[in-house]
Amino acid sequence: MTHADAATPTPTGDEGLMEKIVNLCKRRGFVFPSAEIYGGFRSTYDYGPLGVNMLRNVKNAWWRSMVQLRDDVVGLDAAILSPPAVWEASGHLKNFSDPLVDCLKCHSRWRADKIDGVCPNCGSTEFTESRAFNLMFKTHAGPLENEGAVAYLRPETAQGMFVNFMNVLQTTRKKPPFGIAQVGKSFRNEITPQNFVFRTREFEQMEMEYFVPPAEADQWFEYWLAERFSWYLDLGIPREKIRLRHHEKDELSHYSTATADVEFLFPWGWDELEGIANRTDYDLRAHSEASGERLEYFDQASGERYFPFVIEPAAGATRTMMAFLLAAYDEDQVGGEARTVLHLDWRIAPTQVAVLPLSKKETLEPSAREVLGMLQPHFFCDYDVTQSIGRRYRRQDEVGTPWCVTVDFDSLEDRAVTVRDRDTTEQVRVPIDGLVSELRRRSGQAG
Numbered sequence: 023m024t025h026a027d028a029a030t031p032t033p034t035g036d037e038g039l040m041e042k043i044v045n046l047c048k049r050r051g052f053v054f055p056s057a058e059i060y061g062g063f064r065s066t067y068d069y070g071p072l073g074v075n076m077l078r079n080v081k082n083a084w085w086r087s088m089v090q091l092r093d094d095v096v097g098l099d100a101a102i103l104s105p106p107a108v109w110e111a112s113g114h115l116k117n118f119s120d121p122l123v124d125c126l127k128c129h130s131r132w133r134a135d136k137i138d139g140v141c142p143n144c145g146s147t148e149f150t151e152s153r154a155f156n157l158m159f160k161t162h163a164g165p166l167e168n169e170g171a172v173a174y175l176r177p178e179t180a181q182g183m184f185v186n187f188m189n190v191l192q193t194t195r196k197k198p199p200f201g202i203a204q205v206g207k208s209f210r211n212e213i214t215p216q217n218f219v220f221r222t223r224e225f226e227q228m229e230m231e232y233f234v235p236p237a238e239a240d241q242w243f244e245y246w247l248a249e250r251f252s253w254y255l256d257l258g259i260p261r262e263k264i265r266l267r268h269h270e271k272d273e274l275s276h277y278s279t280a281t282a283d284v285e286f287l288f289p290w291g292w293d294e295l296e297g298i299a300n301r302t303d304y305d306l307r308a309h310s311e312a313s314g315e316r317l318e319y320f321d322q323a324s325g326e327r328y329f330p331f332v333i334e335p336a337a338g339a340t341r342t343m344m345a346f347l348l349a350a351y352d353e354d355q356v357g358g359e360a361r362t363v364l365h366l367d368w369r370i371a372p373t374q375v376a377v378l379p380l381s382k383k384e385t386l387e388p389s390a391r392e393v394l395g396m397l398q399p400h401f402f403c404d405y406d407v408t409q410s411i412g413r414r415y416r417r418q419d420e421v422g423t424p425w426c427v428t429v430d431f432d433s434l435e436d437r438a439v440t441v442r443d444r445d446t447t448e449q450v451r452v453p454i455d456g457l458v459s460e461l462r463r464r465s466g467q468a469g
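Those letters in the sequence shown? Residues 23 to 469, by my numbering.
Now the structure itself:
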């Protein structure tokens, strides 16, 4: 693992990569601008047929790693709307803000800590005094818009896990160290949304609160740094495009004694994919004091009662998907022709197998549909009969499909199909009856 100091962002050298990814996402159905027929709505995006598959696969890969394959972490799905009392106790009403400045020349608004004293819009260096801007979305629950009906859209999923700590403890009979995990929408009224889906006002988080005895907090903090870093490597982020950066003391949140970010080398420089923080017992203690409810853990063996410390890995699902796309993007040549290809790990690819009848002739459709039906319980599949087989291969390469299965006229006689590998472009003949086993073998699955 690399521990890097805070530094000025370093461009990746491919200034056009971001534009290529944005164009590919729109053209191939990964991400669309929201409400585009009405001129769009800034900083909101809709995930198309391929995007919703890939985003779901990213979240499923996280859930599998963090919950399914562990016996010390359980799941939760907490409400998005919360009363002010939750956010007052957590410190968000007081502390969850960014420094806002106005350019005195063009009157645009910016986060003061992100512009280095120069207006990105007009180049002016003259600004208003910085003032705190709270990032939470405020709304009203019920028919009356008065202070008694005020509610907030959650800016993070974490607080739902803290206020349910005792519910989970009592129903699961877990004991520290154990975790509560959640994947869901969060909302932040960002001053300057930017960089496509990297920073938006509506986004998805993958968070886990890991409750530990206070004396063990440091060792579990180091454990989760290593676990989360390796997750990105395992799913295909190149080693040279990822690093771990520890926060300086003046960067730490009001609840944290230690935080490190997993950072990815985006086209604009190093930026955060995930933060891993030691939140101490701040949240449980604060909610206990504010609500009057006991949120301590009682260790029956020792007779000790204490507020557990919390180690929190918190990742952005949407920006993680974007990082996987950027890391996977490649342009090469096959047979003397240029192609665009996404070298996505099969686990997060939006389409994992494409079934391609060689011809539109109806004689091939029953066999092709049989093959499709065999594969669909095991993989995300596409079925494509339009244009030449070569063009269809290129289409599937461009969206990262690992394997194409071609059903041809010989298939009617020999009950076999041609399997093409995306990365090597090698093609082999495989019996239909053994196709699922062959693709599971290639994907590293048992059987």
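Where a beta carbon is used, it is the ideal one built from N, C-alpha and C, also for glycine.
Every value quoted in this text rests on a predicted model; they were computed, and no experiment measured them.
Of the candidates 444, 445, 454, 448, 454 places its Cα closest to the Cα of residue 435.
Per DSSP, the unbroken alpha helix (DSSP H) holding residue 461 starts and ends at 457–464. Within the segment 381–439, the alpha helix (DSSP H) runs of at least 4 residues that lie entirely inside it are, in chain order, 387–397, 411–420, 433–436. Taking C-alpha positions only, residue 331 is separated from residue 174 by approximately 26 Å. Contact between residue 122 and residue 159 fails: their C-beta atoms lie close to 16 Å from each other, not under 8 Å. Residue 214 is not a Cβ neighbour of residue 84, given a cutoff of 8 Å. In terms of Cα proximity to residue 262, the closest of 233, 274, 292, 250 is 292. Secondary structure at residue 268: strand, using DSSP grouped into helix, strand and coil. Under the Cβ criterion (8 Å, minimum of three pairs), the segment 410–427 counts as touching the segment 362–374. 8 Å or more divides the Cβ of residue 333 from the Cβ of residue 254. Excluding its 5 nearest sequence neighbours in each direction, residue 149 has C-beta neighbours in its own chain below 7 Å: 123, 124, 125, 126, listed in chain order. Distances from the alpha-carbon of residue 341 to those of 423, 288, 440 put 288 closest.
Three or more pairs of CB atoms, one per stretch, sit closer than 8 Å, so the segment 199–209 contacts the segment 91–110. Non-local beta-carbon contacts of residue 44 in its own chain, meaning distances under 6 Å to residues more than five positions away in sequence, involve 218 in chain order. In the three-state DSSP reduction, residue 276 falls in the coil class, being neither helix nor strand.
Taking C-beta atoms under 8 Å as the contact rule, residue 396 and residue 80 fail to qualify, at a distance of about 26 Å. By the criterion of at least three beta-carbon pairs nearer than 8 Å, the segment 401–410 is not in contact with the segment 346–357. Following the DSSP letters along the chain, one finds residue 311 inside the alpha helix (DSSP H) bounded by residues 304–313. When the Cα atoms are used, residue 294 and residue 265 turn out to be separated by approximately 10 Å. In this structure, the alpha-carbon of residue 146 lies about 40 Å from that of residue 181. When rounded, the separation of the alpha-carbon atoms in residue 309 and residue 58 is 42 Å.
The DSSP assignment places complete beta strand (DSSP E) segments of no fewer than 3 residues inside the segment 220–246 at 224–234, in order along the chain.
When the alpha-carbon of residue 298 is set against those of 283, 312, 290, the nearest one is in 283. The Cβ atoms of residue 39 and residue 348 sit closer than 8 Å to each other. DSSP places residue 129 in the coil class of the three-state scheme, outside both helix and strand.
In the DSSP assignment, residue 69 forms a beta bridge with 53. Residue 100 sits away from residue 211, with the two beta carbons spaced by 8 Å or more.
When the beta-carbon positions are compared, residue 229 and residue 336 come within less than 8 Å of each other.
Considered as a whole, the segment 55–115 harbours 67–69, 95–97 as its complete beta strand (DSSP E) runs of no fewer than 3 residues, in chain order. Around the CB of residue 60, fewer than 16 other CB atoms lie within 10 Å, so the residue is classed as exposed. Residue 105 and residue 198 have their C-alpha atoms some 28 Å from each other.
In this structure, residue 67 keeps its C-beta atom at 8 Å or more from the C-beta atom of residue 89. Its chain contains 208 as the residues whose beta carbon lies nearer than 6 Å to that of residue 178, once the 5 sequence neighbours on both sides are disregarded; these appear in chain order.
Excluding residues up to 5 positions away in sequence, 389, 439 lie with their Cβ nearer than 6 Å to the Cβ of residue 433 in the same chain.
Comparing alpha-carbon positions, the option among 328, 119, 184 lying closest to residue 236 turns out to be 328.
Relative to residue 144, the option among 320, 71, 128, 111 whose CA is nearest is 128.
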